[in-house]
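In my numbering, the protein residues as written are 66 to 421.
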């Protein structure tokens, strides 16, 4: 007889998260990106990182450079057809979608197929904008906020790459540009940015309910930071504010609606790209000054170092596939045997076949 056993991520978090919180984020320097730039986008596909677009001084790039973290090497790929700065990117079905940005491409959408190293045009975004944020939920890309002609936006639009269509969704409560965004448990968190001042506002968007909720403010108000997810927590890195360029790293736990501080990156900078690959965090490029504005080639790798005795940390939140990824940094991934993913009462669950 088939047995259904629901494994909830929250149950495992209660027993393992305190150990993970005792860990430290350790940064190391990796090989430089070939092209120094800011306001670029970066996306991870098959554990390789693609750095796309951006600018340096008055030059706006079409460049695509692929970083292999395992080999610590960069390879130049086919240029993006349209030069642009401050777009967003999202990944659906292992294809990268680059959306919006400046100068004249604020509605432009282009699809990059990493398998064929080729580009194609998609339907334009409805609202022209730059310095906005995006998140991917259920194979749809949500574009949030941004700047249009000097006006901060609260506009939210949903792009369906399969149908190649755009739909307008409920506006974000706080209009802002230069914000960061990240996705945890199919909810999008819009963080920081600028409207009339540097912002520390955090707002959560639920695409299923098409609704917004206000969450705990980020400790440091900042503009042009970047965010990524590791172990179901959001790492907000870099940016700038009235004090200057930031190197601080602040971590948001959506389950508990709390913030904590982690080890700072070595170079204070804004307009950088931040991604996760192989359970490690990578910061790429960005900008800083004075005395002269520097467009960075720097790449830093962040690894969570676990407390003594921790062998592995599994969230059971993948929702697909047969691999449970170890979030501890030890590389002890698990394999699911005789079970399929289902929707649980809290996040994802596993239904076991009762045989294996």
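Backbone N, C-alpha and C fix where the C-beta goes; we use that ideal spot for every residue, glycine too.
Kindly indicate which three-state DSSP category residue 130 falls into: helix, strand or coil?
strand
For the putative contact between residue 370 and residue 89, defined by C-beta atoms under 8 angstroms, what is the C-beta separation to the nearest angstrom?
5 angstroms
Take every Cβ of the region 213-220, pair it with every Cβ of the region 176-196, and state whether three or more of those distances are shorter than 8 angstroms.
yes
What does a CB cutoff of less than 8 angstroms around residue 265 pick up in its chain, not counting 5 residues either side in sequence?
257, 282, 283, 284, 285, 286 and 287
Which residues bound the beta strand (DSSP E) around residue 257?
252-259 is the span of the beta strand (DSSP E), which, as asked, contains residue 257.
So, with DSSP's three-state summary, where would you put residue 265?
If DSSP states are grouped into helix, strand and coil, residue 265 belongs with the strands.
Determine, using beta carbons only, whether residue 267 and residue 319 come nearer to each other than 7 angstroms.
no
Exposed or buried, which one is residue 364 when buried takes at least 16 other CB atoms within 10 Å?
buried
Going along the chain, which residues of its own chain have a beta-carbon closer than 6 angstroms to the beta-carbon of residue 86, five neighbours each way excluded?
Low local confidence applies: a pLDDT of 44 at residue 86 is under 50, so the model's placement there is unreliable, with the coordinate-based value given in what follows. Residues of the same chain with a CB within less than 6 angstroms of the CB of residue 86, apart from the 5 flanking positions on each side, do not exist.
Hey, residue 93 and residue 366: beta-carbon distance below 7 angstroms or not?
yes
Indicate whether residue 154 and residue 125 have their beta-carbon atoms separated by less than 7 angstroms.
Not closer than 7 angstroms, so no.
Which one of 137, 111, 103 and 107 has the shortest CA to CA distance from residue 123?
103
Taking the beta strand (DSSP E) that residue 337 falls in, what are its first and last residues?
Looking at the DSSP string, residue 337 is not in any beta strand (DSSP E), and its letter there is neither H nor E.
Can you tell me whether residue 385 is helix, strand or coil according to DSSP?
coil
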